[in-house]
Amino acid sequence: MMDTTCHIAGIAFRNPIVMASGTFGFGHEYNRFYPLDRIGGFSGKGLTLHPKSGNEGLRSWETAAGMLNSVGLENPGIPAFLSTEAERWENYDVVRILNLGGSSLEDYERGAALIEEDYKHRQQRGKKAVDMIELNISCPNVKAGGMAYGIQTETARTVVGLVRKATTLPLIVKLSPNAEDIVSMALMCEEEGAEAVSLVNTFSAMKIDIYKRRSVFENSYAGLSGPAIKPIALRMVHQVCQSVHIPVMGLGGISSAEDILEFIMAGAEVVQVGTHNFVDLRAGENLSRDLENLMRQLGISSLKEIRGIV
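Numbering follows the numbering used here, in which position 233 of the sequence shown is assigned residue number 235; successive positions increment by one, without gaps.
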């Protein structure tokens with residue numbers, strides 16, 4: 003029998019396919035197209051302590067091999083999520099990851115504390131809405147916080163340490179490819195008690211309107227994702243997997259079963275699928291089926307056989 007299960011911090015994923023934050027809403031939007039139990043897990047829309055309206059102007063631009071986005075973490079805020087969406091999350095048979103963003107150290111710390119408080123309250127009722135927190139210190143599309151904390155290792159150490167102390171939930175730290183030294187950044191996360199790292203977020207990039215002679219985005223720069231970044235993301239995941247002892251979630255332009263096996267062979271425990279959700283609304287269901295078919299074709303009975311073999 004084929005074994006596609008994966009594990010992070012003692013939590014089992016049905017298969018290695020996790021939908022990336024910012025591309026999968028809060029899950030129920032895609033649950034209308036296919037049952038969420040076809041995937042291993044999902045990371046919900048990034049949440050900050052207070053509601054955010056996001057960036058002004060154009061927010062996305064299709065490129066030759068991917069897309070640029072400048073959404074700016076638009077979200078309803080953590081309290082609103084916990085009082086509305088979280089109850090729906092209680093019923094999903096899939097690993098549920100809450101993506102935590104912030105604009106200041108206080109926002110990150112207070113946001114994590116609210117999530118922890120809600121987690122313990124639901125535990126008392128025998129319920130669970132969130133399995134893990136993904137700490138986002140790598141968003142390139144917000145002026146304060148976001149990637150500002152994800153470039154320098156020692157600056158990032160402060161926010162990772164604060165959030166680690168504020169919650170007992172397993173902690174994943176999402177890393178930026180724009181970090182000064184991504185291997186040092188991942189090692190720091192391990193030292194500060196993170197149970198996993200996810201990489202990479204989008205690359206800072208640009209699109210110019212030659213007729214208006216200006217960037218198409220109000221913030222000048224946006225985040226590049228999709229197949230264009232896959233080879234670079236794969237190299238970074240391989241480098242980090244060679245250096246840390248905690249599990250790695252690999253992401254960056256994954257759009258096929260072949261891509262998934264590449265990241266697993268580079269050492270990733272699971273993968274995250276982002277931009278491909280906009281190409282195929284049934285990406286999770288289709289990739290899950292394609293992965294099992296490809297494993298069967300290649301004579302792979304368990305992902306453990308090939309994880310980190312390159």
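All C-beta atoms in this analysis are idealised placements derived from N, C-alpha and C, irrespective of residue type, glycine included.
Within 8 Å, strictly: CB atoms of residue i and residue j
i	j	result
M21	F35	no
L137	V175	yes
A270	M297	no
E182	V246	no
A198	A11	yes
C8	V272	yes
A209	L70	First, the residue type needs correcting, since residue 209 is Lys and not Ala in the sequence shown. Contact flag set, yes.
S72	N221	yes
A168	E111	yes
E76	S55	yes
I41	N17	yes
V242	V162	no
T160	L102	no
G113	I80	yes
L60	V281	no
Supposed close pair residue i, residue j - CB separation, criterion 8 Å
i	j	result
T6	L293	7 Å
I135	L100	5 Å
A235	A224	No, A235 and A224 are not in contact; Cβ-Cβ is about 17 Å, not under 8 Å.
D109	L51	4 Å
A131	W91	4 Å
T86	E118	About 19 Å; that fails the 8 Å criterion.
Selected residue, minimal CA-CA separation from residue i, among the options
i	options	result
I19	F265, P81, Q299 and E307	F265
S178	A198, T204 and L171	T204
D39	V97, G104, V202 and M267	V97
M187	V239, V218 and S217	V239
I13	V281, P249 and I256	P249
K47	N93, A285 and L84	L84
S140	V132, D133 and Q154	Q154
T277	Q241, C243, I231 and K306	I231
G27	I10, H9 and L49	L49
Q274	F15, M3 and M4	F15
R237	L201, V132, L283 and S217	L201
S258	G74, K306, S290 and S304	S290
M3	G128, S303, I308 and G310	S303
E156	Q126, L171, E194 and G74	E194
R124	D95, G74 and A88	A88
K306	M267, R61, N279 and N288	M267
G228	L253, L263, V218 and E118	L253
D133	I256, G301 and N93	N93
P37	L283, I262 and Q244	L283
P53	G74, N33 and E64	G74
Residues sharing a beta bridge with residue i, DSSP
i	result
D133	None, per the DSSP bridge assignment.
A14	H9
W63	L70
G43	V20 and V97
S304	D5
Q274	V20 and L253
For the region 98–134, which segments carrying the alpha helix (DSSP H) assignment without a break, of at least 4 residues, lie completely within its bounds, in sequence order? 107–126
For the region 212–259, which segments carrying the alpha helix (DSSP H) assignment without a break, of at least 4 residues, lie completely within its bounds, in sequence order? 232–243
Beta strand (DSSP E) segments (min. 3 residues) lying fully within the region 140–210: 173–176, 198–201 and 205–208
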